[in-house]
Amino acid sequence: MRLLPIVHHPDYTADTPDGHRFPMQKFAQLAEILRAEGLAPHGFVSPEPILREDLIRAHTPAYVDAVLSRTLDSAAVRRIGFNLSERVVLRAQLATAGTLLAARLALQEGLACNSAGGSHHARADQGAGFCVFNDVAVAASVLLAEGAVKQILVVDLDVHHGDGTALIFRNEPRVFTFSLHCDDNWPLEKPPSDVDVALPKGMGDAGYLAALNEHLPALLDEVRPDVVFYIAGVDPHQDDRLGKLALTDQGLMTRDRRVIEAVRRRAIPLVTVLGGGYGHDVTAVARRHSFVFHAAADFLVG
Ligand SMILES: [Zn+2]
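Just so we're aligned, residue 386 is where the sequence shown starts under our numbering, counting upward by one.
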């Protein structure tokens, strides 16, 4: 039986104050769920912290150096929403490296999942909205620089618009960005992706899945990417604290299966990253994040 490569690191979890809106413990709980449900019988693949030379392929050297030396000014730190402790910086380096590692594994194995990542609000020269480094942008830029791929598609189904990724790649035709998000939601300013689909507040499973079906298969055939990055945020869920759409668990599961099938039926390598998911019930959030891992593992078994 083929095993799904899952990238994880214990230090994906850093400390945030109790009650912080970002449910940091979801990473540890997700790993527990994946272990308990038999998805990691031989454990996880673990990344080393990402190198500065990789980070500056998508970020400005000044921003990268300010983060790594923890000298970012206080307004820039507030925009991110975390204090930049050593652990938080390490976590950002590991999560970014994890997405790059998962991408490399996906190119070898067809399918791989990172249990963090999807920090799509980070721009070249600043972080925002709990995003320090834009892991997908860094991984995509490294693969392009190495000549490992020629064309990339980012499928961003986090409920928030992928503004950072859109800006980083606005003049890069080799990275096609697709964002399906709730229109009436943060960030207010939504710089254009290559394709943006803005959904109305409160939309449920049927409308959401119809919109996905309308765009994704056609985009895969048009863009013909060498690899797809799928940001599988679970914040479109009806119970999400920051969402505003109304998907059910079943809706999210169907979404993840459809994305994986659409990409893998075309034999395109696929890397999945976590994206957002927010709630007081961290276990419920972690469980929602586990859906995409199950969908990927089930696809491999066929
Ligand atoms: Zn989000």
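Every residue gets a Cβ at the ideal spot worked out from N, C-alpha and C, and that includes glycine.
Go through its chain and collect everything with a Cβ distance to residue i's Cβ below 6 Å, but skip five positions before and after it.
i, result
"residue 658", "484, 499, 502, 503 and 616"
"residue 431", "394"
"residue 588", "630"
"residue 513", "464 and 506"
"residue 466", "515"
"residue 425", "391 and 419"
"residue 614", "521, 539 and 656"
"residue 481", "435, 518, 520 and 523"
"residue 534", "528, 611 and 612"
"residue 642", "680"
"residue 445", "509 and 510"
Between residue i and residue j, how many whole angstroms is the CB-CB distance? I'm expecting something under 8 Å.
i, j, result
"residue 491", "residue 685", "The Cβ separation is near 12 Å, so there is no contact."
"residue 448", "residue 511", "6 Å"
"residue 662", "residue 673", "6 Å"
"residue 562", "residue 541", "7 Å"
"residue 619", "residue 667", "Rounded, the Cβ-Cβ distance is 12 Å, inconsistent with contact."
"residue 651", "residue 605", "6 Å"
"residue 406", "residue 626", "7 Å"
"residue 638", "residue 678", "Actually they do not touch by this definition, with Cβ atoms about 11 Å apart."
Buried or exposed: residue i, going by 16 or more other Cβ atoms within 10 Å of its Cβ?
i, result
"residue 585", "exposed"
"residue 388", "exposed"
"residue 493", "exposed"
"residue 436", "exposed"
"residue 665", "exposed"
"residue 454", "exposed"
"residue 411", "buried"
"residue 578", "buried"
"residue 414", "buried"
"residue 459", "exposed"
"residue 636", "buried"
"residue 647", "buried"
"residue 609", "exposed"
"residue 416", "buried"
"residue 421", "exposed"
Looking only at its own chain, which residues have a Cβ that is under 7 Å from the Cβ of residue i, when we skip the five neighbours before and after it?
i, result
"residue 443", "509, 519, 522, 523, 526 and 553"
"residue 457", "451 and 469"
"residue 649", "495, 496, 655 and 684"
"residue 645", "655, 680, 681 and 684"
"residue 486", "392, 430 and 432"
"residue 688", "There is no way to answer for residue 688, as the model of the chain reaches only from 386 to 687."
"residue 428", "none"
Cutting at 8 Å between CB atoms, please list the residues of its own chain near residue i, excluding the five before and the five after it.
i, result
"residue 396", "472, 475, 476 and 479"
"residue 576", "548, 551, 552 and 555"
"residue 462", "468 and 469"
"residue 567", "544, 545, 583, 584, 585, 586, 588, 621, 628, 629 and 630"
"residue 633", "589, 590, 622 and 623"
"residue 409", "398, 399, 400 and 401"
Given 6 Å as the limit, tell me if residue i has its C-beta closer than that to any heavy atom belonging to ligand 2.
i, result
"residue 543", "This structure lacks ligand 2; its bound ligands are ligand 1."
Task: the region 470–487 in contact with the region 596–611 per 3-pair CB rule at 8 Å - done: No contact exists between the region 470–487 and the region 596–611.
Open item on the list: Report the start-end ranges of each beta strand (DSSP E) in the region 501–567 that is 3 residues or longer and not cut off at the edges.
Closed with: As far as the region 501–567 is concerned, its whole beta strand (DSSP E) runs of at least 3 residues are 537–541 and 560–567.
- [ ] Write down every uninterrupted run of the alpha helix (DSSP H) in the region 447–504 whose length is 4 residues or greater and which is fully enclosed by it, in chain order.
- [x] The qualifying runs are 459–465 and 471–494.
Task: the region 567–575 in contact with the region 544–551 per 3-pair CB rule at 8 Å - done: At 8 Å Cβ cutoff, the stretches touch.
TODO: Go through the region 615–647 residue by residue and report every complete run of the beta strand (DSSP E) that reaches 3 residues or more, in order.
DONE: None, since the region 615–647 contains no complete beta strand (DSSP E) of that length.
TODO: Only counting runs of 3 or more residues, tell me where the beta strand (DSSP E) segments fall wholly within the region 579–617, in order along the chain.
DONE: Counting only runs of 3 or more, we get 580–584 and 612–616.
Open item on the list: At 4 residues or longer, what runs of the alpha helix (DSSP H) sit wholly inside the region 388–415?
Closed with: Counting whole runs of 4 or more residues, the region 388–415 contains no alpha helix (DSSP H) stretch at all.
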